[in-house]
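Notes follow the structure.
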Amino acid sequence: MPQIFHRSANYLSRASIIGAVVLIGLLGFVLWEITLSPWYTDQEVAKQQPVPFSHRHHAGELGIDCRYCHTSVEKSSFAGIPPTQTCMTCHSQIWTNAEMLEPVRASYRTDQSLEWTRVNALPDFVYFDHSIHVAKGVGCTTCHGPIAEMPLTYRAGTLYMSWCLECHRQPEKYVRPKSEVFNPFYKVPSNQMELGRRLVKEYKIKSLQHCSTCHR
Amino acid sequence: MDPEGSHKNIVVADPDPIIAPGQTLTSVTDKISSIVLTPGMTKGWLGGFTVGVLLLLLLNLVITYLFAFGVGIWGINVPVAWAFAITNFVWWIGIGHAGTLISAFLLLMHQRWRTSINRFAEAMTIFAVMCAGMFPLLHMGRPWMFYYMMPYPNPMWLWPQFRSPLVWDVFAVSTYFTVSLLFWFVGLIPDLATLRDRAKSKVSQVIYGALAMGWRGSAVHWSRYEFASLLLAGIATPLVVSVHTVVSFDFTIAIVPGWHSTIFPPYFVAGAIYSGFAMVLTLAIPLRKYYHLEELVTIRHLDIMAKVTLATGMIVAYAYIFEAFMSFYSASQYEKFMLLNRMTGPYKVVYWGLITCNLIIPQVLWARKIRRSPVALFLIALVINVGMWLERFVIIAMSLHREFLPSKWGMYYPTRWDWATLAGSFGLFFVLFYLFIRFLPMISMVEVRSLVHQTDEEKLHV
Chain A
-18 MPQIFHRSAN YLSRASIIGA VVLIGLLGFV LWEITLSPWY TDQEVAKQQP
32 VPFSHRHHAG ELGIDCRYCH TSVEKSSFAG IPPTQTCMTC HSQIWTNAEM
82 LEPVRASYRT DQSLEWTRVN ALPDFVYFDH SIHVAKGVGC TTCHGPIAEM
132 PLTYRAGTLY MSWCLECHRQ PEKYVRPKSE VFNPFYKVPS NQMELGRRLV
182 KEYKIKSLQH CSTCHR
Chain B
-19 MDPEGSHKNI VVADPDPIIA PGQTLTSVTD KISSIVLTPG MTKGWLGGFT
31 VGVLLLLLLN LVITYLFAFG VGIWGINVPV AWAFAITNFV WWIGIGHAGT
81 LISAFLLLMH QRWRTSINRF AEAMTIFAVM CAGMFPLLHM GRPWMFYYMM
131 PYPNPMWLWP QFRSPLVWDV FAVSTYFTVS LLFWFVGLIP DLATLRDRAK
181 SKVSQVIYGA LAMGWRGSAV HWSRYEFASL LLAGIATPLV VSVHTVVSFD
231 FTIAIVPGWH STIFPPYFVA GAIYSGFAMV LTLAIPLRKY YHLEELVTIR
281 HLDIMAKVTL ATGMIVAYAY IFEAFMSFYS ASQYEKFMLL NRMTGPYKVV
331 YWGLITCNLI IPQVLWARKI RRSPVALFLI ALVINVGMWL ERFVIIAMSL
381 HREFLPSKWG MYYPTRWDWA TLAGSFGLFF VLFYLFIRFL PMISMVEVRS
431 LVHQTDEEKL HV
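Listed in order, the protein sequences are those of chains A and B. Oh and the first sequence: position 3 is -16 in the working numbering, straight run, nothing missing. Oh and the second sequence: position 423 is 403 in the working numbering, straight run, nothing missing.
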C-alpha cells in the first residue's frame, strides 16, 4: 500500500502543536496591544479644533487659572466649556485682528457657540463628578495629564475602567494637597506615599469600588 | 474448588452473551467499517438527515430573530424569567451524563458490556453538551458579551463574580465538553486508522489519515493509547457527578422555595443519568435495527441499560418523595405552599405528567419481558425523556411563578418561539448525530475486537 502522506507530515504535525500554542498566544498579545494602542483608545492623540486653542500658551505660559474658563469644576459634575464671551474678555482687546481667531469673533457676532471637538468623553453609563474629585485633592493634571504643555489638547489617559480603578484602589498614590489641585506644574513629591496616606486620612478619602459608585 | 475455573465455565455456558456468538475480529471490523465506507447514502439516513437539517434551519431562524429582537420573543418575563431555555439547558446537559458514565466510569469498573455502546453514547454526550451550552448563551440579553463570563485580562480590571453559580456553570460545562471531546477523540484514533487503511478514495484516506495522527498500531502506540484512555477516564469520572451538581447549584444557591434544597445535587445527578440512559436507549434501538447491529448491541445490552434506567429512576423517585416530605417536615409555610401549588396549582397537569412519566410508567421495567423487548423499551425511553424534561420545567418555571409575595405571582406561557427553539435544538443534535453515524464508526471496532478476543481466549482455556 502506498504512503498517503509524505515523510514531512511527521514534522509538520509536530510543528503544528507548538505552532498552535504560539499562534494563540500571539493572537492574544496582538489583541491586547491593539486594546492599549492610541489607535484604539485615542490616548495622546491631539484632536483638530475649530480654533487651535493652546492650553500650553494659556494655562502654561500665561498662567491663567483653570477655573477662569472651567468655572463649574468645583460645584458641578461638569467642569464647563467656556462661552465665547470668556474668550472675548481678552480677545476683544488683544489679537483682535488675528486670522486664527476669526471663528471666535464670528461666534461672538452671531451668538452661535463654537463647536469644540470633545477630547475627554466618558460613556453615558458612567457617572462622574468633577467637584468631588477636586474637593478631595485630585489635581487636574492627575487625570488630564501635562495640560500646561499641550499645544493642542489630547486625552492623557485611556479612560478605561482600569485607569479609573488605579486611583480608586490606591488613592494615596495620586492624591495631592488641596492647595495644589489647580497647579498645572505640580510635581509628585518623592515622599508621595507618606504624604498620600496622610492626606487620605485627613481628607477622609474612601476607596470607592462598588459597581454602583459610577454605574448608577 | 477453583473459583477461576468455575467462573470460566459460566462464561462458556452463558446463554445470554454480551455479543452474539460467532463473531470474529474480521467480521466485527467489516460490519462496522462498511457502514462508514460504503459510498452513497441510504434512504433512511437521508430522510432522517433531511428532517434534522430542516429543524436546524428553524433554529437558525429562531436565533436570527432572537438576536434581532431579544429574549422578549420568548414567553419569559418577571416573575418567570427562567423557563424553556434553562429547562432545555438542564435537560440536554443531563442527557450527556449517560455517555460519560458509560465511557469513563464503566471503563474503570471493567464493565465489558460498555464496549458496543460507548462510542455513540459519547458522541451523544458531546452533541448534547453542544445543544445545552447554546441555551445559556441564547438566554443572555446580550449574547455577544458572553466572554464576560470568562476570567481574561481586560482593561476594565474586572473579573467574573466567582461567588455566582452561573460562573461555576461556565467552568463545569466547558470542562465537561473539553474532556468529553478529548476522550472521544482519543478513543477514535485506532478506529480512524482502520478506516484510513480500508478507505478506497484518496480524499477519505487523507482525511481519516490526518485524524488518525499517524497511528501505526505499534506496541508503544497501544501502551500510550491505553494509558491516555485510563487517565482521561479518571478525569471524566468525577465529572459525571460534578457537572450536574454544579448545574443544580444554579437553583439551590437561590432562596426560592422549590429551588433552595440540599437534596438537589444527588437528585440532579441521578436524574441526569436516568434521562441519559433513556436517550441512549432511544438512539440505540433504532440504530441497531436499521444498521443490523443486533449481534453487537444485543438484547443483553438493552436489558442492562434498562436495569440502570430503573435503578436511577428509583433514586429519582426517592428524591421526589423526599422533596414532598421535606416540604411538610420543614414547617415552612412557603415550602408547604410550593408543594401544594405544584400538586394542585395552575401547572398541576405538568407535575402529574412528570410523576406519571418518570415514576409510574417506568415501573414496568421490573418485568424481564419488557426489558428485553426493543419496541416496549423504546417507547418507555421516550416517555422518560419527556418526563425528565417536564421535571426540569416543574423545578425551574413552576418554582418562580409563585414566589414569596403574592404580588409577585404570575404565569408563564410558552410562545411559538419557545417551542421553535426547543425543536431547533433537536435539529442541531440530529444533524450532528446523523453526520456522526455516516462518517465515523458508531461502535468502537477496537474495543469490540478486544472483547471478541477475550471471549475466545476464555473458551480456549476451559
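Just so it is clear, CB atoms sit at the ideal spot from N, CA and C, and this is done for glycine as well.
When the cut-off is 8 angstroms and only beta carbons count, does residue i lie next to chain A?
i                      : result
residue 183 of chain B : no
residue 219 of chain B : no
residue -9 of chain B  : Any reading at residue -9 of chain B is ruled out, since the residue's pLDDT is 46, under 50, leaving its predicted position unreliable.
residue -19 of chain B : Any reading at residue -19 of chain B must be qualified, since the residue scores a pLDDT of 41, below 50, and its modelled position is unreliable; no value is offered.
residue 143 of chain B : no
residue 176 of chain B : yes
residue 246 of chain B : no
residue 131 of chain B : no
Can you tell me whether residue i is buried or exposed, with buried defined as 16 or more other CB within 10 angstroms of its CB?
i                      : result
residue 433 of chain B : exposed
residue 247 of chain B : buried
residue 87 of chain A  : exposed
residue 304 of chain B : exposed
residue 285 of chain B : buried
residue 11 of chain B  : buried
residue 414 of chain B : buried
residue 110 of chain A : exposed
residue 386 of chain B : exposed
residue 46 of chain A  : exposed
residue -17 of chain A : exposed
residue 114 of chain A : buried
residue 66 of chain A  : exposed
residue 68 of chain A  : buried
residue 364 of chain B : buried
residue 308 of chain B : exposed
residue 139 of chain B : exposed
residue 327 of chain B : buried
residue 172 of chain A : exposed
residue 329 of chain B : exposed
Starting from the beta carbon of residue i, find every residue of chain B whose beta carbon is closer than 7 angstroms, and list them in chain order.
i                     : result
residue 97 of chain A : In chain order: nothing, as chain B lies at least about 27 angstroms away.
List the residues that DSSP assigns as beta-bridge partners of residue i.
i                     : result
residue 24 of chain A : A:136
Are the C-beta of residue i and some C-beta of chain B separated by less than 8 angstroms?
i                      : result
residue 8 of chain A   : no
residue -9 of chain A  : yes
residue 141 of chain A : yes
residue 16 of chain A  : yes
residue -6 of chain A  : yes
residue 13 of chain A  : yes
So with CB distances below 9 angstroms, who are the chain A contacts of residue i?
i                      : result
residue 121 of chain B : Those do not exist, as residue 121 of chain B stays about 15 angstroms from chain A at its closest Cβ, beyond 9 angstroms.
residue 186 of chain B : -15 and -14
residue 189 of chain B : -15, -14 and -10
residue 193 of chain B : -6
In chain A, which residues lie less than 7 angstroms from residue i when you measure between Cβ atoms?
i                      : result
residue 137 of chain B : 142, 143 and 146
So which residues of chain A does residue i contact, with C-beta pairs closer than 8 angstroms?
i                      : result
residue 197 of chain B : In chain order: nothing, as chain A lies at least about 14 angstroms away.
residue 237 of chain B : Chain A residues near residue 237 of chain B: none, gap ~29 angstroms exceeds 8 angstroms.
residue 140 of chain B : By Cβ distance, chain A contributes nothing, its closest Cβ being about 13 angstroms from residue 140 of chain B, past 8 angstroms.
Is the region 251 to 262 of chain B touching the region 71 to 83 of chain B in the sense that three or more CB pairs, one from each, lie closer than 8 angstroms?
yes
Any 3 or more C-beta pairs closer than 8 angstroms across the region 233 to 249 of chain B and the region 267 to 274 of chain B:
no
Contact between the region 107 to 115 of chain B and the region 408 to 423 of chain B: three or more CB pairs below 8 angstroms?
yes
For the region 116 to 127 of chain A and the region 152 to 168 of chain A, state whether three or more C-beta atom pairs, one from each stretch, are separated by less than 8 angstroms.
yes
Below 8 angstroms, can you find three or more Cβ-Cβ pairs linking the region 168 to 188 of chain B to the region 420 to 438 of chain B?
yes
Validate contact between the region -3 to 8 of chain B and the region 367 to 377 of chain B using beta carbons, cut 8 angstroms, 3 pairs:
no
Would you check if there are 3 or more beta carbon pairs closer than 8 angstroms linking the region 220 to 239 of chain B to the region 189 to 208 of chain B?
no
Can we say the region 331 to 345 of chain B touches the region 276 to 283 of chain B, given the rule of at least three CB pairs closer than 8 angstroms?
no
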